[in-house]
Amino acid sequence: MKINTDDDKIIARKIIHSTLKMESSLANVLKAEIKIIKKMLDRNADYYDIKKSNDSIRQILHAIHIIDDRIQKCIDILQHDRT
15 MKINTDDDKI IARKIIHSTL KMESSLANVL KAEIKIIKKM LDRNADYYDI KKSNDSIRQI
75 LHAIHIIDDR IQKCIDILQH DRT
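Pasting the structure below:
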């Protein structure tokens, strides 16, 4: 049983590492979308174009939330033996 726990911890560490990379990439996309919206507002862009960017931002934030939940589950696995 100890072997499975150790294997789970190794997998959890790898998942955390890969999901942090994904989260970082999504954060960069989020920053880019915010810059795009700022430029649109400066040039009085069409409402629907701004709405599309806003919808993209919502989807990115939702994905980041899911990734955070996944990371938290992995952290719980890593802390399982400590409690």
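In the working numbering, the protein residues as written are 15 to 97.
All C-beta atoms in this analysis are idealised placements derived from N, C-alpha and C, irrespective of residue type, glycine included.
Since we're looking at a predicted model, the values are computed, not measured.
### Query
Is it right to say residue 26 is buried, meaning 16 or more other beta carbons lie within 10 angstroms of its own, or is it exposed?
Per the 10 Å Cβ criterion, buried.
### Query
What's the C-alpha gap between residue 81 and residue 36?
8 Å
### Query
Taking the Cβ atom as the reference point for each residue, do residue 34 and residue 85 lie within a distance shorter than 9 Å?
yes
### Query
Helix, strand or coil: how does DSSP classify residue 58 here?
Coil.
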